[in-house]
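Residue numbers (the working numbering): 5 to 210. Here a beta-carbon is modelled for each residue, glycine too, at the ideal position from N, C-alpha and C. Keep in mind that this is a model prediction, so the values were computed, not measured.
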Amino acid sequence: MMDTDTGFKTGRIEALSDGIFAIAMTILILSFETLFKQPVTGMTETDLIAVMREYLPDLLHYVESFIILGVFWYLHHRQFHFIKKVDAIALFINILGLMFIALIPFSAVILGDYGNIRFAAILFECNLLFAGLTFFGHWVYVVHGHRFVNKEMDGSTIRFYGKRNMLMPAVSLLAVLVSLLNPRIGVSLYLAVPFILILWKRRDEQ
């Protein structure tokens, strides 16, 4: 008998996505792996402060990367709030986006070690650019002709969440251009993303 099912329920997809986001967030801490090795005997307070100072760039990139992953998770969660089911194409697009999410700890470690080098910054930013573009493409696909969202969903809501999903690619593209001149300033642009989302939400509620 031919299977007449026209789509997949989103429960397992959301569970897989949440798991990958959680793992990626956890793996970020591995950039501090040398801190968990055998303690150095005879270390003074001054020595410890000097060591922690060396880890400061890694710590800042950890915080930034964790926030970025949190933003991606939030946007992904909001997408699936409206999606009732998906087909194989939407499933593949989502998996592709998750692949870029899982790469973020890798590019973040390189950025932490070589943050003053343009290639390291641009690699990190391109990672986020492709992740953002993939999730934006996923949104465009599922809302086209109300393919997998409620038929009553109005155009302004579709455009609003489309604009949200384009924020990360737009910031990433700007960050790449800025990093050609100054890598550290380029990467720091991502710190503005949560504040922009909060401002948009408050403006939308007014």
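In the DSSP annotation of this structure, the continuous segment of the alpha helix (DSSP H) that includes F134 starts and ends at 122 to 147.
About 7 Å separates the Cβ atoms of A179 and Y194, confirming a contact at the 8 Å cut-off.
Under the 10 Å beta carbon count, V113 is surrounded by 16 or more other beta carbons and is classified as buried. Straight through space, the alpha carbons of S192 and S183 are spaced by roughly 10 Å.
Taking a C-beta distance under 8 Å as the contact criterion, F84 and T138 do not qualify as a contact pair.
Note: V90 is bridge-paired with F12 in the DSSP secondary-structure output.
The Cβ atoms of I97 and H65 lie no closer than 8 Å to each other. Each residue's CA atom was taken as its position, placing Y118 and N186 some 13 Å apart. For V153, the pairing in a beta bridge is given by DSSP as I87. Pairing N169 with F140 gives a Cβ-Cβ distance under 8 Å.
Apart from the 5 residues on each side of it in sequence, H80 sits with its Cβ closer than 7 Å to the Cβ of S21, F139 in its chain, given in chain order. Exposed is the label assigned to G23, since fewer than 16 other Cβ atoms lie within 10 Å of its Cβ. For S176, the closest C-alpha among the options H148, F134, K205, Y165 is that of F134.
When rounded, the separation of the alpha-carbon atoms in I99 and V147 is 18 Å.
Membership of D51 in the alpha helix (DSSP H) is indicated by the continuous run 49 to 58. Under the three-state reduction of DSSP output, G159 falls in the helix class. In the three-state reduction of the DSSP assignment, Y194 falls in the helix class, which pools H, G and I.
A distance below 7 Å between beta-carbons, with the five flanking residues on each side excluded, links A28 to the following residues of its chain, in chain order: L73, I105, A106, I108, P109.
Rounded to whole angstroms, the separation of the alpha carbons of W204 and T30 is 29 Å.
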